[in-house]
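Each residue of the sequence shown is one higher than the one before, starting from -5 at the first, in the working numbering.
Cβ atoms here follow ideal geometry from the backbone N, Cα and C, with glycine treated the same way.
Please read these numbers as outputs of a predicted model, since none were measured by experiment.
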Amino acid sequence: MTTRRSILAAMGLAPVLAATGAGAHSAFFAPTGTLREAAERRGRYFGAALRPEFLSDERLRRAVLGDCGSLTPEIHLKWDALRPTPDQWTTQPVEELLDFAARHDLTVRGHALLWPQSTPAWAARDIGRQGWSVIEAHFDGVFARFGDRIHDWDVVNEPVGDDGGLRPNLFHRAVGPDYVERALRAARERSATARLVVNDYGLEYDNPVEARRREGLLALVRDLRRQGAPLDAVGLQAHLDLSKGPLKAEILKPFLRRLADEGVEILITELDVKEAALDGGAAARDQRVSDAVDRYLELALAEPAVKGVTTWGLSDRHSWLQSDGAADLNRGLPYDAALNPKPMRDAIQARLAA
Ligand code: XIL
C-alpha cells in the first residue's frame, strides 16, 4: 500500500525535513514526516487551496497527498463559478475535488458562500431587486449539492471594511447590516453541525488600517456572539506581505487572544507571502519568505484556539500572487514551481510540530 511516508520518500523529501534550529539536539529531534502529520499530532489540520485541474500534474498530486489533510477549492465553490447564469450549475470541478478528497481521506473547506467579488452580475442584480430570498435560494442549491460532504464553510468572506465598520457591499446595501447574522443562521438551518466561519484579510500588521480592521472584526464577532448567531470560527486569511514590515507579538498575540475569548475557534485560511522585492536570488528570497511564515506561525500557533492552517496553493506555479509584467514568479508558497519543497515548508512543519 502506498503510504504518505513512502510517497515522501519517493519524492526524496526525507532529507529536507531535518530543518530549522530546534536547539542543540536539532539533528536528532528534527521534525520528520508530513505537514499533515505534524498538524494532526497537535490536534490541528494542514491543508491547501487547489483547483482540481492542477491534480493532473503528478508532482503536485504527490505533494498534496504527502502534506494535506484538508483541501479548499480555490475558485470552484464561489457563486460565479458554480452558477455563471441563473439556469446553469457548474458543479463538475467541485465534484472532482470532492471525489479526490474522499478517495484520499481529506476533508474539504467550503469557500465561500457570500463574497461580493465572486457574486455573478445576475445574482447581484436579483439581490438588489428581491433581497434576501435570492441568498436563501443560493444556500439551498449549494447545501443540497454539497452539504453532506462539506462540514466547514466560509459563510461570509471579507465583511470588514478599512474603516473597521461593515463594508458597504451589495449584501449590506440590499439586506442591511444584519446580513452576516442572517447568513450564519441560514447556513445553520441547512447544516446542523458544520463549522460556520467568517473569513477576512488585512489583520496582521502594525499600521492604522489593519488596526481598525482588527477592532472591526473583533466588534463583529462580539456582536454576532451576543446575538446568539451560530458563528463557530473566524478565518484569518493571512496573506502576508513583506512590504508591510515586521510581524509584532504585541499586536498579534492580544488580537488572537481576544478573538479566542469570544469563544470562537480561529483558522488560518489562506496563508501565503507576497514578496516585496523579487531580487537577491532565489535562496535569499526563499529565506525571507520562510522567516515571515516562521514568525507568523510562532505567534499564531501559540494560541490554542487556532485549529488549522491552509496555504493558498502549494506551489508557486499556481499562486494567485503574480505581479503583472514581473519576469519571475512570486515565491510565497511551500513548494517552488517545479514542486521542490522550500524553506517555507520546513518552517510550517517545525512550527506545527513545536
Ligand atoms: C482568489 C483566487 O486565488 C484567484 O484565482 C481568483 O481569481 C480570485 O480569488 N481572498 C479570498 C480568495 O478569499 O477567495 C481569493 O482567491 C484570494 C483573496
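Whether residue i touches residue j by CB criterion (8 Å)
i    : j    : result
N201 : K242 : no
G141 : G302 : no
L265 : W306 : yes
V128 : P153 : no
V370 : L91  : No information on residue 370 is available, as it lies outside the stretch -5 to 348 that the chain covers here.
L272 : D322 : yes
E269 : R325 : yes
A95  : V88  : no
A299 : A348 : no
L178 : L190 : yes
Where residue i sits in the DSSP three-state scheme
i    : result
P364 : Residue 364 is absent from the structure shown; the chain starts at -5 and stops at 348.
I144 : coil
P335 : strand
R208 : helix
S20  : For S20, the predicted structure reports a pLDDT of 35, less than 50, and the residue's modelled location is therefore unreliable. The matter cannot be settled from this model.
L293 : helix
G307 : coil
I262 : strand
Q124 : helix
G155 : coil
D298 : Correcting the residue identity first, residue 298 is Pro in this sequence and not Asp. Reduced to three states, the DSSP call for P298 is coil.
D340 : helix
L49  : helix
P356 : The requested residue 356 does not occur in the structure, where the chain is confined to residues -5 to 348.
Residue i: CB within 7 Å of a non-hydrogen atom of the ligand XIL
i    : result
H70  : no
A106 : yes
Q231 : yes
N151 : yes
E264 : yes
W147 : no
W314 : yes
Y290 : no
beta-carbon residue i near the ligand SAH non-hydrogen atom, thresh 7 Å
i    : result
D217 : This structure simply doesn't include the ligand SAH; it includes the ligand XIL instead.
Bridge partner(s) assigned by DSSP for residue i
i    : result
Y195 : Answer is none; Y195 lacks a bridge partner.
Next on the checklist: I want to know whether the segment 252 to 263 touches the segment 223 to 237 - three or more CB-CB distances under 8 Å.
Outcome noted: yes
Next on the checklist: Could you check whether the segment 61 to 79 touches the segment 109 to 123, counting it as contact only if at least three pairs of C-beta atoms, one from each stretch, sit closer than 8 Å?
Outcome noted: yes
Checklist entry - Is the segment 191 to 207 touching the segment 163 to 171, taking contact as three or more C-beta pairs under 8 Å? => result no
Next on the checklist: I want to know whether the segment 213 to 226 touches the segment 274 to 293 - three or more CB-CB distances under 8 Å.
Outcome noted: no
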